[in-house]
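Just below is one structure, and these are the notes that go with it.
Residue numbers (the working numbering): 82 to 231.
Below, the structure written as structure tokens:
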């Protein structure tokens, strides 16, 4: 077999994604997702901890500050793509206004200055609930993907 492309080695990338900082993105207790307001201005280059964005967190009845724990987390490899996914997140009987994004972070249980940011999922338009269920329904292709064989 001849060399035909550049790329990263998927299994090593998967292992790195699962436990680079002592916490697994497949953990059923270490990752949380919080709602951000439309006024938030995340910086993917300089923001690294939840403390950088928590001042822009949405609030409301039925919503707990810091968001909710991600469950059903999974990292998969297929055809040169690493995919990260989790179970959809819901807040029942909630009244939440102007949530623009969900931000995933490692919730270490202490200071938010130590809670590493992982992803931000833009809702494109601000979403609200009024005494109902607010749900983040992840894309069918997962929360995020990494093409490791460009």
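Here a beta-carbon is modelled for each residue, glycine too, at the ideal position from N, C-alpha and C.
(request) May I ask you to list the residues that DSSP assigns as paired with residue 176? (result) Taking the first residue of the chain shown as position 1, residue 176 is located at position 95. Per DSSP, 142, 211.
(request) Mind reading off the beta-carbon distance from residue 150 to residue 112? Whole number of angstroms is fine, and I expect it under 8 Å. (result) In the chain shown, counting from the first residue as 1, residue 150 sits at position 69. In the chain shown, counting from the first residue as 1, residue 112 sits at position 31. By a beta-carbon distance limit of 8 Å, residue 150 contacts residue 112. Their separation comes to about 7 Å.
(request) Within the same chain, show all residues whose beta-carbon is closer than 6 Å to that of residue 153, passing over the 5 residues directly before and after it, in chain order. (result) Walking along the chain shown from the start, residue 153 turns up at place 72. Closer than 6 Å at the Cβ level, and outside the excluded window around residue 153, lie 167, 168.
(request) Note the first and the last residue of the continuous beta strand (DSSP E) segment covering residue 164. (result) Along the chain shown, read from residue 1 onward, the residue named residue 164 stands at position 83. Counting along the chain, the beta strand (DSSP E) containing residue 164 begins and ends at 162-166.
(request) Name, in chain order, the residues that DSSP records as bridge partners for residue 134. (result) Taking the chain shown and counting its residues from 1, the one referred to as residue 134 is at position 53. Beta-bridge pairing links residue 134 to no other residue.
(request) Locate the beta strand (DSSP E) running through residue 115, then write down its first and last residues. (result) Counting from 1 along the chain shown, the entry for residue 115 is found at position 34. Segment 112-118, the beta strand (DSSP E) holding residue 115.
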